[in-house]
Every structure is written in C-alpha cells, then in structure tokens.
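Notes to accompany the following structure.
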Amino acid sequence: MLRKITVFLFIIICFILQCSVFSVLALAGIIPNLMIILTSSFGFMRGEREGLLIGFFCGLLSDIFFGGFLGFYALLLMYIGYLNGKFSGIFYPEDIKLPIALIIISDLSYGIICYVLLFMLRGRFQFPFYFMHVILPETLYTILATIFIYPIILKVNTKLEDWEKRRAQKFV
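Using the numbering used here, the first residue of the sequence shown is number 116, and each one after it goes up by one.
So, in structure tokens, the structure goes:
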C-alpha cells in the first residue's frame with residue numbers, strides 16, 4: 116500500500132512540476148518530459164507490469180489535460196513503460212548509463228511517434244524541422260532533468276524495497 120501511495124504522489128508531483136515549474140523554465144518553448152522519466156525509471160527498476168501501469172496513469176493525466184482524444188498518450192506511455200521493463204533484469208542501481216540511454220531512446224521514440232501520428236498523417240512533412248526544433252531539444256532538456264530527478268526516484272525506490280523486505284521478514 117505504501118508503494119502505491121508513493122507512486123501516486125510521484126505521478127502527481129511530476130505532472131504538477133511539468134505543467135507549472137518547468138513551463139516557466141521552458142527553453143524556446145520546450146520543457147522536459149517528466150512523465151517519460153518517471154515511466155522509464157520505474158519500468159526498468161521494477162519491471163514490465165509496473166512500467167506499464169505507471170505509463171498508463173502518466174499518459175492518462177496527459178490525455179485528460181492536453182490530449183485531443185482520450186487514450187493516445189496513455190497507450191504510448193504504456194508501451195514505453197513496458198519496453199523499459201524488459202531491461203529490469205540488467206538494471207544495476209549504481210550504474211547510470213543504462214537509465215540515461217533508455218530515457219534518451221524513450222524520449223526520441225515518443226517524439227517520433229507523436230510526429231508520425233499527430234502531424235505527418237495530417238500532411239505536415241517537415242520532419243527535419245520538427246526533429247531539430249522540438250524532438251532533439253526536448254530530449255536534451257529531459258536528459259538534463261533526468262540527472263537531477265532520477266537519483267531521487269532511485270533513492271525512494273531503494274527505500275521502498277528495503278521497507279518491503281523488512282516487512283516480509285517479520286511475517287516469516
């Protein structure tokens with residue numbers, strides 16, 4: 116129960132930060148995607164199921180507040196969380212290279228899929244412009260935010276796992 120409450124608070128806090136604080140700190144209209152950071156992090160830390168669920172709720176919040184129709188961002192972030200969960204077997208908390216690489220790939224994939232499904236199918240074929248002025252800057256800004264946010268997520272996840280292990284040992 117403590118994990119569910121903590122994850123719920125993480126989702127709400129990251130969403131509020133993304134919508135308020137980082138909107139003020141936007142560089143050329145670009146803000147970091149904290150929902151990708153959160154979904155990817157929990158995906159490779161906790162596995163496919165948790166990545167999928169967190170991705171769904173992060174995407175659902177994005178759909179409700181920013182989406183043109185309900186379910187697009189939820190589905191997209193679910194896939195991102197699930198695919199990041201495939202790497203939970205090779206995740207080591209002390210190594211930051213894998214999380215950074217997976218978040219870069221996740222954010223680039225997110226940007227490209229959004230371009231294809233939201234713009235290209237409507238006849239807007241300026242992919243080089245969109246890539247250089249939206250996708251790439253957002254990815255760089257997201258990585259910069261990851262350097263500060265990921266250690267917090269990792270520390271909280273580690274404390275939750277320690278608490279769960281101690282709690283499980285009390286009942287054995």
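Note that beta-carbon positions come from the ideal geometry of N, C-alpha and C, so glycine has one too.
Neighbour flag for residue i against chain C, beta carbons, 7 Å
i, result
"residue 153", "Absent from the structure is chain C; it holds one protein chain and no more."
Whole-number beta carbon distance between residue j and residue i, since they are thought to touch under 8 Å
i, j, result
"residue 218", "residue 257", "7 Å"
"residue 126", "residue 172", "6 Å"
"residue 124", "residue 278", "Rounded, the Cβ-Cβ distance is 15 Å, inconsistent with contact."
Residue i classed as buried or exposed, judged by whether at least 16 other C-beta atoms fall within 10 angstroms
i, result
"residue 214", "buried"
"residue 210", "exposed"
"residue 150", "buried"
"residue 262", "exposed"
"residue 122", "buried"
"residue 207", "exposed"
"residue 176", "buried"
"residue 167", "buried"
Contacting residues, own chain, Cβ-Cβ under 6 Å from residue i (five flanking each side not counted)
i, result
"residue 203", "159 and 162"
"residue 170", "154, 192, 193, 195 and 196"
"residue 165", "157"
Residues of its chain near residue i, where Cβ-Cβ distance is below 7 Å and the 5 sequence neighbours each way are ignored
i, result
"residue 191", "174, 225 and 228"
"residue 223", "250 and 254"
"residue 221", "151, 155, 195 and 199"
"residue 276", "none"
"residue 244", "none"
"residue 186", "178"
Paired residues, beta bridge with residue i - DSSP
i, result
"residue 142", "145"
Own chain, CB closer than 8 Å to residue i, minus 5 neighbours either side, in chain order
i, result
"residue 205", "213"
"residue 146", "133, 137, 138, 140, 253 and 256"
Proximity test, residue i beta-carbon vs the ligand SAM heavy atom, cut-off 6 Å
i, result
"residue 211", "The ligand SAM is not part of the structure shown, which contains no ligands of any sort."
Practice prompt. Please determine if the stretch 131–141 and the stretch 242–254 are in contact, where contact requires at least 3 C-beta pairs separated by less than 8 Å.
Written response: The stretch 131–141 vs the stretch 242–254: no contact.
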